[in-house]
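In the working numbering, the protein residues as written are 164 to 461. Note that beta-carbon positions come from the ideal geometry of N, C-alpha and C, so glycine has one too. Remarks on the structure that follows.
Set out below in structure tokens:
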């Protein structure tokens, strides 16, 4: 199963984090607000993109997109695509999550030491920003290619909006991609919604994301364990913008103000962790290669 590889990769960090006092007190217990069905439905297009990114033939999985670039090998380089949505004239970017059948893909998640951010790619990053080493190295493999393709897509189509999405590992890569695009396309609307996001960097990274992408949304589903790793104990922090499907009230999806809100996934306990929750549903959609439509994944 898809998530097994991710869980194996980060199980050491889980072992380290849960015997100690958890969650780490961050002083954020701001009240959540229930989102309307209409509000949740606005995330559906991003979820479709995230789902299609797992498929070797996204053209079959999501035929409504005009694909400009597809790439990745499902291993060292997760699958990704850049395209255009004719209905909205938005350029779209999506990244695949972990492929548990490929050890090179699983190894990306396992490289969870923090490393200094690449200031060539992120020249405006403030001092002290650190990110997950595996995510950073993998992001750098395709960053320039994605940027140039997005720039051309915007220019060729007189577009001014980019939708960015991904699930799990793909959510981490999509978050980095969105920050990178906004750094290079300051006047472009970067709409970013990701699903099952692991922590990507330290406090300085979370603050950098908040400043660059104030409208970022990361949806976490019930008792999904992935948003709780790597643990805060190791210096990792989520940015603001969490949207949480509550485990005891699954019909209630809430917005969680601030970073690491203790009323949301930050309160999840290891004993309640659910692998199926990681795979969805998100706006009614399942994630992972097993969710690819017939003929779209070989």
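Residue i, buried or exposed, once every other Cβ within 10 Å from all chains shown has been counted against 16
i           : result
residue 458 : exposed
residue 431 : buried
residue 252 : exposed
residue 435 : exposed
residue 388 : buried
residue 306 : buried
residue 250 : exposed
residue 517 : Residue 517 cannot be examined here, being either before or after the span of the chain that is shown, 164 to 461.
residue 264 : exposed
residue 327 : buried
Whole-angstrom distance between residue j and residue i, CA atom to CA atom
i           : j           : result
residue 226 : residue 202 : 25 angstroms
residue 394 : residue 224 : 34 angstroms
residue 236 : residue 247 : 22 angstroms
residue 415 : residue 407 : 9 angstroms
residue 368 : residue 402 : 8 angstroms
residue 375 : residue 288 : 10 angstroms
residue 325 : residue 283 : 22 angstroms
residue 234 : residue 291 : 32 angstroms
residue 273 : residue 295 : 10 angstroms
residue 304 : residue 336 : 11 angstroms
residue 301 : residue 451 : 19 angstroms
residue 398 : residue 275 : 11 angstroms
residue 177 : residue 390 : With a pLDDT of 40 at residue 177, under the threshold of 50, the modelled position of this residue cannot be trusted, and the question is left open.
residue 212 : residue 194 : 30 angstroms
residue 261 : residue 222 : 20 angstroms
residue 381 : residue 266 : 27 angstroms
residue 191 : residue 366 : 14 angstroms
Start-to-end residues for the beta strand (DSSP E) that takes in residue i
i           : result
residue 327 : 324-329
residue 294 : 293-295
Given residue i as reference, the closest of the options once Cα atoms are compared
i           : options            : result
residue 198 : 287, 446, 456      : 446
residue 373 : 388, 355, 386      : 355
residue 346 : 371, 453, 359      : 371
residue 429 : 397, 386, 442, 262 : 386
residue 271 : 359, 285, 239      : 239
residue 217 : 441, 258, 204, 321 : 258
Start and end residues, alpha helix (DSSP H) containing residue i
i           : result
residue 339 : 332-347
residue 438 : 438-442
residue 204 : 200-204
Any beta strand (DSSP E) of 3 or more consecutive residues that is wholly inside the segment 356-428 | Taken in chain order, the unbroken stretches of beta strand (DSSP E) that lie wholly in the segment 356-428 and span 3 residues or more are 380-384, 405-408, 416-419.
Kindly provide the ranges of any beta strand (DSSP E) runs that are 3 or more residues long and lie completely inside the segment 212-282, ordered along the chain.
-> 229-234, 243-248, 253-258, 277-279
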